[in-house]
Structure formats: C-alpha cells, structure tokens
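Taking it in order: structure first as structure tokens, then the write-up.
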Amino acid sequence: MRTETRSLGLALFLALVCCSWSALALNLPSGTLTPGFGITTSSGNFDHAVQYSPSPVLPAGVIPPHFQGRGVFILDLQTARGFVVAARVLKSTGNKQVDAALIATLQKWRVSPRMIYKLYVPVSVTAPGTFVFGTPQ
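Whatever position you read off the sequence shown (first residue = 1), add 1 for our numbering.
Okay, structure coming up:
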C-alpha cells in the first residue's frame, strides 16, 4: 500500500510538472525573422536573437540561371533550449529542391532560449544560390 501511494504521488508530481511546463510555453509569442537575424514579436523586437544560422549549400545546377523565388518557412522551437523541433514550408520558393535544402538547413538553426515558440522565416532566393533571410514578403 505504501509503495502504491508513493507511485501515485510521483505520477501526480510528474503530471503537474508537465502541465506547468506546457502552460509556460503557451505564454511565449511567435516571432518573425528580421534582416539582421533579429526577431519581431508582439512583445517587441529582439536583435541578434538567432544564435546559429547556417545558410544552405546547393549543388551546381540545382537552381535555373534566372531563378528568383520568395518563400516563408515555419520553425517550431523547443523553447527551453532554442532548438528547432520541426521546420516546414508555409509558402514555397517555387523550387522543390531549394525548399528541401532550406528545410534541412533551418532544422540546424538555434534561437535564444525562452523567447518564442515559433519562428516565421521569410527568405528570398536568387540564382546561383544566394539566400537572403528576413526579407519582407
């Protein structure tokens, strides 16, 4: 009986911690990337909030010679550490290979912890593979 009480107490404690953590994450705003790798949210602007942001590298010939595309990608973040949990396309650049390269690269990005739970990343792409992040759409 005593072991059952401890197990129940531990289960209730863990449930409370999980619920509290989820509630904390829900209070964070989403944000949009700015050209200087800052983030604009409903709470204000945060300069240099993106801590690690490699650019995609594309093999030669993937982008047609006169290609120009604009897209928007969404990053779902692990809020406590700023890691990207998932990256997906909201608006395509118009080239599936470019979108795939951006998704793979954006999943490596890191954002300042406990700032936002979701990041919208506007990007412009031009041939031969120039990427400009945070460009207005």
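Every residue, glycine too, gets a C-beta built ideally from N, C-alpha and C. Since the model is a prediction, treat every value here as computed from it, not as a measurement.
When the options are compared against residue i, the one with the closest alpha-carbon
i	options	result
V90	G83, T35, L76	L76
A81	V122, S43, N46, I117	I117
Nonlocal neighbours in the same chain, by C-beta distance under 6 Å from residue i, ignoring five residues either side
i	result
K92	G72, V73
A43	The question names Ala, but residue 43 in the sequence shown is Ser. So the list reads P30, once near-sequence residues are dropped.
Other residues of its chain near residue i: CB distance less than 7 Å, five sequence neighbours each side excluded
i	result
P129	I64
W110	V51, Y53, S54, L76, V85
Buried or exposed (CB count within 10 angstroms, at least 16 for buried), residue i
i	result
V133	exposed
V86	exposed
L25	Residue confidence is low: L25 scores 48 on pLDDT, short of 50, so the model does not pin down where it sits. Its coordinate-derived value is still stated next. So L25 ends up on the exposed side.
D48	exposed
C-beta contact flag for residue i and residue j at 8 Å
i	j	result
L103	P66	no
L1	L78	Residue coverage of the chain in this structure runs from 2 to 138, which leaves residue 1 outside it and unanswerable.
G62	T94	no
T106	P55	yes
T136	P30	no
heavy atom of the ligand HEM below 7 Å from residue i C-beta
i	result
Y118	Questions concerning the ligand HEM fall outside what the structure shown contains, since it holds no ligand whatsoever.
Any chain B beta carbon closer than 8 Å to residue i
i	result
I117	In the structure shown, chain B does not exist; there is a single protein chain.
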